[in-house]
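Numbering-wise (our numbering), the sequence shown opens with residue 144 and increments by one. Glycine included, each C-beta is placed from N, C-alpha and C at the ideal position. A quick write-up on the structure given underneath.
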Amino acid sequence: MATAHFKEGIAGERLSPAEYADNFSDLHPPLDHHEALVESDRCYFCYDAPCMNACPTSIDIPLFIRQISTGNPLGSAKTIFDQNILGGMCARVCPTETLCEEVCVREIAEGKPVQIGRLQRYATDIAMEENKQFYPRAASTGRTVAVVGAGPAGLAAAHRLARHGHDVTVLDARAKAGGLNEYGIAAYKSVDDFAQAEVDYVTAIGGIDIQNGKALGVDYQLADLVRDYDAVFLGMGLGGVNALRAEGEGADGVANAVDFIAELRQASDLGSLPVGRRVVVIGGGMTAIDAAVQSKLLGAEEVTICYRRGQEHMNASEFEQDLAAANGVTIRHWLQPKRVIADGGKVSGIELEYTALTGETLAGTGETITLIADQVFKAIGQSFVPGALNGSGAAIELDGGRIKVDAEGRTSMAKVWAGGDCVVDGREDLTVSAVAAGRDAAESIHRMLVG
């Protein structure tokens, strides 16, 4: 990574245009034809393959890899899309190192798994580049379904419902469809506007009308949808950001990491994005890693992640932690924010307290440390904002602050299903898990609609 140009405080244009382009190039360049054949030949095509069991969408991984090895990438793509219509993005952003590749027999035997994610990208990219549509719509059923949220769960549900011949209207509060795929993923993981290309591919099946700038609870109410449509799927994700609960966190220079990532993803000129010289990120998950790494790639000189527990407790995978370290990010553990220090209303540092576990209880030790910082990012998790549901009389039951659903994604309100990050269903908050939830809920809706 290039050395940042010296600029005090939070500023843009720390690097040259060429340096920005290099820093934000594709993290995992696609395999070419020869590389894909060589890599697919490493697969043992296991019977009762552990990799398939580890995939939240249950893709038949040995089959799609065998299809690549026999020169049939379109057949491979169909095998993937049968289970996961957003297989292209999942190939780029899935933490495969903790899912399919972690249990790969090659990983267990040799410490080098088959590169399942990159093989999945190889096949799906070919199908999308050729706009190969595998699923003609069924005859129209005359039934209508409203989908709230055009993120992974909503898009997966919309596509599966359209396949069955239902007419789907997707309502999304943002200017673009895609949800976290468009706004919440590190730019170097999804280049060349891939999120929008995938939205176009998904909606090419027909029967899906996406309406942007339509927010639940503002532009329409849930009761309106229940009245006007035969079924409703809620896939609006998480809209709230948890507070630091530290003194002075309202100072200028303290920002939400998710907002920072969204702004970066939508920027046409990376040099216009202001970043501090010394950045501190509070959190231990994927968002914290993404915010920290991208701060460094934008030209920050020092970036430190502070997490309140130990390395073994971090939600970010070992690969992501290593990626941060490789980009010059320092990760410090057993520290929680206590006070944001401001000079003239602007962040100049942050005081943190050391923590320790006593049994299962985490508590501060009373010992503190102060880090110099001109920018602090909050990445300590998001929360569901249920206020938008109140227009229907808040009839939907919540559990732990999120929507409660049964095994098929049904909520407590008739005709309403939900899936993705906004629900409590035992799945991890991952793109691939949201796809599975949307797909499964769509099948349940379909069964209801056809009686």
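- Runs of the beta strand (DSSP E) lying entirely within the segment 363 to 419, each at least 3 residues long, are 374 to 377, 397 to 399 in chain order.
- Leaving aside the five residues that flank residue 406 on each side, the residues in its chain whose CB is nearer than 8 Å to its CB run, in chain order, 416.
- Three or more pairs of CB atoms, one per stretch, sit closer than 8 Å, so the segment 179 to 199 contacts the segment 242 to 256.
- Per DSSP, residue 355 is one residue of the beta strand (DSSP E) stretching across 351 to 355.
- DSSP places residue 198 outside both helix and strand once states are collapsed to three, so it counts as coil.
- Between the alpha carbons of residue 582 and residue 305 lies a gap of roughly 11 Å.
- Per the Cβ contact rule, the segment 256 to 275 is not in contact with the segment 296 to 313 (fewer than 3 Cβ pairs under 8 Å).
- Taking the C-beta atoms as reference points, residue 375 is found no nearer than 9 Å to residue 316.
- Note: residue 553 is bridge-paired with 560 in the DSSP secondary-structure output.
- Here residue 575 is buried, its C-beta having at least 16 other C-beta atoms within 10 Å.
- Around the CB of residue 227, 16 or more other CB atoms lie within 10 Å, so the residue is classed as buried.
- Along the segment 251 to 304, the alpha helix (DSSP H) occurs as fully enclosed runs of 4 or more residues at 259 to 272, listed in sequence order.
- Membership of residue 480 in the beta strand (DSSP E) is indicated by the continuous run 478 to 486.
- Following the DSSP letters along the chain, one finds residue 319 in no beta strand (DSSP E), marked with neither H nor E.
- Under the DSSP definition of a beta bridge, residue 521 partners with 399, 425.
- Residue 528 and residue 314 have their C-alpha atoms some 17 Å from each other.
- In the three-state reduction of the DSSP assignment, residue 448 falls in the strand class.
- Distances from the CA of residue 200 to each of 255, 594, 580 were compared; the closest alpha carbon is that of 580.
- When DSSP reads this structure, residue 497 sits in a beta bridge with 478.
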